[in-house]
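Down below is the structure, laid out as structure tokens.
Residue numbers (UniProt numbering): 1 to 223.
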């Protein structure tokens, strides 16, 4: 991680930098997080580091290790189940509402998001794929017209980013995800809220079942 620039509050900058490292896998699950070491690496005092770690703990991204500081929280089947159950509700609602947004807005925004996804598929870069996937769903949230959706789901999406990155790094198939995205976009652009909601829910359930199944297979292989 690079030293901080001071453009935001130091706590916000530390928090954002740590979130990027956690979600990209640069700080994998189980990694100890020492306040002194992080403060030195980021060229800040211990106070903003402590505050940022408190925010990360609140969102379930790190967990305390007693007097030894914190460590990066695990990504396991229970986490996936809990996070994706919430995501199912958020995504379904957002897709249904987005189908009733201004037709020209939803068409241009979603086609741009699909184009970004296709470019990411072509590059094969994991970070780019995660960014495109998140951008697609956040586009739907914005089109929903409900300004509380992005804020209410923010902590959930931090966890989703971690899960997505871990999944894609294992060589998970990427094309079916974007095929499903295309179907959701088509339903929203057609103004079919019921179908958009159903497809968004199915998309989330497919991801949840695939991830949990893969984790169980990995556990069997290591035991």
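All C-beta atoms, glycine included, are put in the ideal place defined by N, C-alpha and C. Small disclaimer: the values here were computed from a predicted structure and weren't measured.
- Between the segment 201-213 and the segment 98-112, the count of C-beta pairs closer than 8 Å stays below three; the two stretches do not touch.
- The DSSP-derived three-state label of residue 64 is strand.
- No Cβ-Cβ contact shorter than 8 Å links residue 50 with residue 62.
- For residue 58, the closest of 26, 86, 15, 44 by C-alpha to C-alpha distance is 15.
- With a cutoff of 8 Å on beta-carbon distance, residue 75 and residue 166 are scored as near each other.
- Between residue 177 and residue 125, the C-beta gap is not smaller than 8 Å, which leaves the two residues out of contact.
- Spanning the alpha carbons of residue 99 and residue 191 requires a straight line of approximately 4 Å.
- Residue environment for residue 122: exposed (fewer than 16 other C-beta atoms within 10 angstroms of its C-beta).
- Shown here for residue 22: same chain residues with a beta carbon closer than 7 Å to its own, the five before and five after excluded, namely 61, 72, 162 in chain order.
- Inter-residue distance for residue 36 and residue 24 is about 22 Å (C-alpha atoms, whole angstroms).
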